[in-house]
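Remarks on the structure that follows.
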Amino acid sequence: VRAAVAGAARRALKGRAPEAEAALVLGAWRLLFGRETDPERVIAQSAQLVGGKRGSAKVARPLELLQACIGEVEGPHAGDDDVLPLTRATSLRFTKPLLAVSGRRLGARLGILHSYPDALVERWIADEGEAVAQELCWAHNDPPPLFVRVNPLRATPSEVLAALRAAGVEAHAVEGQPGCLRLEGGRAGFHESEPWRAGWFSVQDLTAQQAASWVDPQPGERVLDLCAAPGGKTTALAERARDEAEVWAVDKSAQRLARVERAAERLGLRSIRCTPGDGRRVELAEAFDATLVDAPCSNSGVLRRRPEARWRLESNAVHRLAGVQADLLARACSLTRGRVVYSVCSIEPAEGRDLVRAALPAGWELVREERWLPRAEGGDGGYLARLEPC
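Using my numbering, the first residue of the sequence shown is number 23, and each one after it goes up by one.
As structure tokens, then:
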């Protein structure tokens, strides 16, 4: 978006007042991606966001120049200076070469065309190869699908499907993932539905639903969730153990732990005990049979849900979190006599595969690991590792 505006106006956006830059970017996005039928109205509304006649003109004029360069929507295209990819199936042809991508390195070219920092795309190319890096650029910009997890203590998947459809929400079961449903058409309506209020299901991504099955809590066990809020995985652990385990939810934020308590109440779960504390130093009297470490991370596997996170994904930012992740993993192992599952919504090796191998405590072994990349019709990206005493 910024490259297209700069190309049309023949001036970079940097140096403009923040409010003018924001209005320009918003207006340009609407012209390029918003399927607007009245571009003059878009330009006028964008200009009105900036006070004063002169300020409004500094927004309106670049947008008018951009609109004059917008041509026809075509099929998919590799991307030249005069072509902007819109979706996997469509691209927008400009009447002039606005984007200045030809002759650039692949990482810089993809960064401009798909709105990513060049360094992030270059890292993907180095770690994953060109084909996977290009797919990641698309996947992280795709609209995220919406998945829910059925609460087996309250309803069956068939009952939830029928109730949702009766409420006007279309959904279908996900093959190979028991109790997981995919909702079509976004979130509209389901929060007002009776099955939601009755605790029949929770919103949880397909990949995130894997964590509870890897922990596999059993009735009668003591189970710990070290970074519990807002409670999606905590409640999944309690449900999987039929609400007959002792599930401890630890989080630094007492305010966020209140969300865990509210979720447990809605789902009718009584086995969850919330305690505020730093998971790296928390003191708990008895050993646990199983522990989940859902560690804070760069969110590099969920950029389609948190698009702003891509702009803070410098390599040094990823490595800054590694110390926290390693400390959490070490503390989990010290509190656990059975199994530990380490989970991040990141696809970065420095937060997954490499971190676990470097931080593996003495007396423990890595018995299983898996990484998921984001998929257009599937789950988010993420990483899981299961550790056991050796």
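Every residue gets a Cβ at the ideal spot worked out from N, C-alpha and C, and that includes glycine.
Item, Value
"Whole angstroms is fine: what's the gap from Arg379's alpha carbon to Leu279's?", "30 Å"
"Our contact map puts Pro411 next to Ala312 with C-beta atoms below 8 Å; I'd like the distance itself, whole angstroms only.", "The Cβ separation is near 12 Å, so there is no contact."
"Which runs of the alpha helix (DSSP H) fall wholly inside the segment 154-236 and span at least 4 residues, in chain order?", "179-188, 216-219"
"On the three-state DSSP scale, how would you describe Glu370?", "coil"
"With Trp394 as the anchor, note down where its beta strand (DSSP E) starts and where it stops.", "386-394"
"Assign Leu306 to one of two classes, buried (16 or more other C-beta atoms within 10 Å of its C-beta) or exposed (fewer than that).", "exposed"
"Starting from Glu410, trace the beta strand (DSSP E) in both directions and tell me its first and last residue.", "404-411"
"From this set, Lys274, Ala30, Gly290, Arg375, which residue's C-alpha is nearest Arg302's C-alpha?", "Lys274"
"With 16 as the cutoff for other CB atoms within 10 Å, does Pro241 come out buried or exposed?", "exposed"
"Could you tell me if Pro165 is buried or exposed, where buried requires 16 or more neighbouring beta carbons within 10 angstroms of its beta carbon?", "exposed"
"Taking only runs that begin and end inside the segment 58-110, name each unbroken beta strand (DSSP E) of 3 or more residues, in chain order.", "92-96, 105-107"
"Locate the beta strand (DSSP E) running through Asp418, then write down its first and last residues.", "In this structure the chain extends from 23 to 412, so residue 418 is not present and cannot be described."
"For Cys249 and Leu409, I'd like the C-alpha separation in whole angstroms.", "17 Å"
"Taking Asp376 as part of the alpha helix (DSSP H), name the residues at either end of that continuous run.", "375-381"
"Compare the beta carbon distance of Pro84 and Ala26 with 8 Å and say whether it is the shorter of the two.", "no"
"When we look at the beta-carbon of Trp333 and count the other beta-carbons within 10 Å, is it buried (16 or more) or exposed?", "exposed"
"Check whether the Cβ atoms of Gly29 and Thr229 sit closer than 8 Å, and answer yes or no.", "no"
"Look at the Cβ atom of Leu54, then the Cβ atom of Val95, and state whether they are nearer than 8 Å.", "no"
"Short check: CB of Val237 to CB of Leu203, under 8 Å?", "no"
"Between the segment 364-373 and the segment 343-356, do at least 3 Cβ pairs fall closer than 8 Å?", "yes"
"In whole angstroms, what is the alpha-carbon distance linking Glu392 and Ser235?", "13 Å"
"Pair every Cβ in the segment 154-174 with every Cβ in the segment 130-145, then say whether three or more of these pairs are closer than 8 Å.", "yes"
"In whole angstroms, what is the alpha-carbon distance linking Gln232 and Val47?", "38 Å"
"May I have the straight-line CA-CA distance separating Leu168 from His341, to the nearest angstrom?", "30 Å"
"Does the count of Cβ pairs from the segment 369-379 and the segment 277-296 closer than 8 Å reach three?", "no"
"So Leu128 and Glu152 are in contact, right, with Cβ under 8 Å, and what is the actual spacing, rounded?", "6 Å"
"Count the other C-beta atoms from every protein chain shown that fall within 10 angstroms of the C-beta of Val182, then say buried if there are 16 or more, exposed otherwise.", "buried"
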